[in-house]
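Residue numbers (our numbering): 1 to 295.
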């Protein structure tokens, strides 16, 4: 039976294996889907499909710096136990290095990259089969710099949180300090100028409503021009808390990050907290035991 693209796609969706592995399996079994599935299972590749509906919200983040290119990645697993597995750690570091080597910040494109004759998607699927948990590449950030600039990178708690920054001056120590600050303080923007207009408007509306309600209840309401200053003051304070440049520098709270950098500027930043934004499944252990016991 001829092996068509449709057959390869069908097997890939059924097993979660890479395109090339699916084609090999179909070639080896004369296009028989079920036999090809068994062929992949025998190779330890099709195990990934059985775990496809599980939630992978644990894992690790890691960075790799290759000359003037740096990459930050997050790879998820189902449990924090696997996140401590040396094989899993090696996989995460491999992915970070592959992303940096290929300057690839797109997950879909990264999964197609060649790693010793196999695409990265297949490498991850095979490791899923071996380790026994669903593993997935969630996100990548890639930065490129000039010789006059510097990268800073920092991982906290073995990779539960990692940050990568690029600064405008060639000062590796300051760059690392800024990355440490980003990892710890989780700024949303580099500067106030980076805050989108819709976020500004929403925050202003909330503060204005709060201030007007407070003023209406006051024994002696303030005039409109005073209220305007109060609202803008609160807005500025809130923005300082979420903007990197205005935050108190973690190693010296007496100065801001911007002041610590002096003539330098933060050009780019990325921060990955493992599992952030993923809805984790809460298992009811008692109910699971009862179900297995037929209670």
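All C-beta atoms, glycine included, are put in the ideal place defined by N, C-alpha and C. Remember, predicted model here, so these are calculated numbers, not experimental data.
Per the DSSP calculation, residue 114 is bridged to which residue(s)? 119
From residue 101 to residue 272, what distance separates their C-alpha atoms? 20 Å
Which residue marks the beginning of the alpha helix (DSSP H) containing residue 343, and which one marks its end? Residue 343 cannot be examined here, being either before or after the span of the chain that is shown, 1 to 295.
DSSP beta-bridge partners of residue 59: 76
Taking three-plus beta-carbon pairs below 8 Å as touching, is the stretch 166-178 in contact with the stretch 217-226? no
Look at the alpha carbon of residue 103 and the alpha carbon of residue 97, and state the distance between them as a whole number of angstroms. 10 Å
So for residue 43, helix, strand or coil by DSSP? coil
Taking DSSP's pairing of strands, which residues face residue 155 in a bridge? 162
Considering only their Cβ atoms, is the gap separating residue 243 from residue 190 smaller than 8 Å? yes
Sub-8 Å separation of residue 257 and residue 238 beta-carbons: no
CA-CA distance, residue 263 and residue 276? 33 Å
Give the C-beta separation of residue 63 and residue 185 to the nearest angstrom, bearing in mind that I take them to be a contact with Cβ-Cβ under 8 Å. Not a contact, Cβ separation roughly 18 Å.
Test item: CB-CB of residue 133 and residue 173 under 8 Å: no
Is DSSP giving residue 28 helix, strand or coil here? helix
Cβ of residue 7 within 8 Å of Cβ of residue 21? no
Here's the rule: buried if 16 or more other CB atoms are within 10 angstroms of the residue's CB, otherwise exposed. What is residue 226? exposed
Going by the CB atoms, is the gap between residue 250 and residue 180 shorter than 8 Å? yes
Please name the residue or residues paired with residue 137 in a DSSP beta bridge. 75
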